[in-house]
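Here is the structure we will look at, set down as structure tokens.
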Amino acid sequence: CAVAPPHPATDGGAAWQRHQAWVRAHPNWSLNGRFALNVAGRGWSASLRWLEQGTSYRIDIFGPFGRTVAQLEGGAQGVSLRTQNEPLRTADSVSALMQSALGWSLPVTGLRYWVRGVPAPGTPISSQRIGGSGHLSELNQDGWTIRYLGYNYAFGTRALPTHLRLSNGNVKLNLLVDRWGAAQ
Amino acid sequence: DAVATLEHFFQSTTTLSGRFTQKVYETNGPEISHSSGTFELARPGRFRWSYVTPHRQVLVSNGHKLWIYDKGLAQVTVRAVGKTLGRAPIMLLGGGAPLSDAYTLSDDGTRNALAWVKLVPKDTRNSQFQSILLGLHAGKVVRMVMFDQFGHRTVIDFSAVKRNQTLPASDFRFVPPKGVDVVNML
């Protein structure tokens, strides 16, 4: 597909500014999706339901047959993770917590924004490419390269990403969003 | 009673095939996810569980290996069946050992035209569900309700079920399509 020349980070066109403003104005959202994670040849896949309510989030991770594998809750006061038979674990860093409990992790702090097609605030942007439609087509931030392979109009006029491929060194994450929703 | 009926169903069933719907609910009721597809089962331990909606995903076990293929993600993971699936719902119907080995069974009465059996895992430490209800109609399992430690409820309904048909062994092997990323976790 023809990709427009990279816009300078600040400009990116009116449509791009509108998308960022829309995302900032909608802190409550939910998604149902699934991912395949590959770390140096070892792989995991699961489906997830992500709920965001302002500054707090809850991520339910499901294995085969809809079985809940883990429940992650985060917010201003830190993050907690519950797995099937272990006591509740808490920590400050969500990825460290996931890594110790599950043996793998998702870049949750950045993904909260990347999955909605915007860079994470407060962290430098190495580079970004805005597609012709005013949507992010590629972003480099926090050591991650994020490529946006699909968007769809989830909220009437607003398009949100439906397929992202993220990579960081030997970590590859392929994320598909089946359904976007406003948080119940 | 329902427990005897369930055990008879278990002992007299070598293969099962049909359609399923699967719904997962929050503790307080709202639906989290809804999926459906087809299944084939050959005891002990072999099955093909194909999700058609909302996306195409296939889980195939030959009793030793479990392939999980997600079409959208274009990835297959292959892992040993082992303990992880030992007590998965599918193994309730498709396992080799009698249910009473791993569960305490009790008659849970009749509700909405189904006779119910309650199963409580004997080894709660690494079981995947806190309790399971199997709903029987005319001597056949038609509904499974599973309660997990997170308070979620998974309801699987079976329909168009055929019993004891011969199913080709090839149905329980998975050949990854070309160009799909195969991740070997054996």
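So the sequences go chain by chain: E and H. The first sequence begins at 1 in the numbering used here and counts up by one. The second sequence begins at 1 in the numbering used here and counts up by one. Note that CB positions come from ideal geometry on N, CA and C, so glycine has one too.
Extent of the continuous alpha helix (DSSP H) to which residue i belongs
i, result
"T206(H)", "For residue 206(H) there is no data in the structure shown, the boundaries of chain H being 1 and 186."
"A101(E)", "V94 to L102"
"V3(H)", "A2 to Q11"
"T123(E)", "No alpha helix (DSSP H) contains T123(E), which DSSP labels as neither H nor E."
"T15(H)", "Taken as a continuous stretch (DSSP letters only), T15(H) belongs to no alpha helix (DSSP H), being part of the beta strand (DSSP E) at T15 to Y25."
Residue i versus residue j - alpha carbon distance
i, j, result
"A25(E)", "R18(E)", "10 Å"
"V52(H)", "A40(E)", "30 Å"
"L88(E)", "G132(E)", "46 Å"
"F10(H)", "L136(H)", "12 Å"
"Q184(E)", "G96(H)", "In this prediction, Q184(E) has a pLDDT of 44, which is less than 50 and means its spatial position is unreliable; nothing more can be read from the coordinates."
"T162(E)", "A138(H)", "44 Å"
"R158(E)", "R34(E)", "22 Å"
"T104(H)", "M146(H)", "15 Å"
"S45(E)", "E40(H)", "22 Å"
"I68(H)", "R165(E)", "20 Å"
"Q53(E)", "P27(E)", "6 Å"
"I61(E)", "F47(H)", "23 Å"
Residue environment, residue i, which counts as buried when at least 16 other CB atoms sit within 10 Å
i, result
"A113(H)", "exposed"
"Y148(E)", "buried"
"R111(H)", "exposed"
"I125(E)", "exposed"
"A9(E)", "Here the model assigns A9(E) a pLDDT of 49, short of 50, so the residue's position is not dependable and the matter cannot be decided."
"T77(H)", "buried"
"A182(E)", "exposed"
"P89(H)", "buried"
"Y153(E)", "exposed"
"T154(H)", "buried"
"E31(H)", "exposed"
"Q84(E)", "buried"
"L175(E)", "buried"
"R125(H)", "exposed"
"D123(H)", "exposed"
Per-residue contacts from residue i into chain H (C-beta, under 7 Å)
i, result
"T68(E)", "D148, F150 and H152"
"P99(E)", "In the sequence under discussion, the amino acid at residue 99(E) is Gln, which differs from the Pro named in the question. Per Cβ cutoff of 7 Å: no residues; Q99(E) is ~17 Å from chain H at best."
Contacts that residue i makes with chain E (C-beta to C-beta distance below 7 Å)
i, result
"G72(H)", "L176"
"P89(H)", "F65"
Residue range of the unbroken beta strand (DSSP E) whose run includes residue i
i, result
"A25(E)", "Run containing A25(E): none in the beta strand (DSSP E); it sits in the alpha helix (DSSP H), G13 to A25."
"T154(H)", "R153 to R163"
"E75(E)", "In the sequence as displayed, the identity of residue 75(E) is Gly instead of Glu. First-last of the beta strand (DSSP E) with G75(E): T68 to G75."
Neighbouring residues, chain E, relative to residue i (Cβ below 9 Å)
i, result
"V183(H)", "A36, N38, G41, R42, G43, W44 and S45"
Partner residues on chain H for residue i, Cβ-Cβ distance less than 9 Å
i, result
"R82(E)", "Q149 and F150"
"R89(E)", "Simply none; closest approach about 14 Å."
Under 8 Å from the C-beta of residue i: neighbouring residues of chain E
i, result
"H55(H)", "R34, L176 and D178"
"V33(H)", "In the sequence on display, residue 33(H) carries Ser and not Val. Correct list: N32, S47, R49, F62 and G66."
8 Å contact criterion, which residue i and residue j should meet: CB distance rounded
i, j, result
"V118(E)", "V94(E)", "In fact, because the Cβ distance is near 19 Å, the residues do not count as touching under 8 Å."
"V115(E)", "L31(E)", "7 Å"
"V183(H)", "N38(E)", "6 Å"
"P107(E)", "W144(E)", "6 Å"
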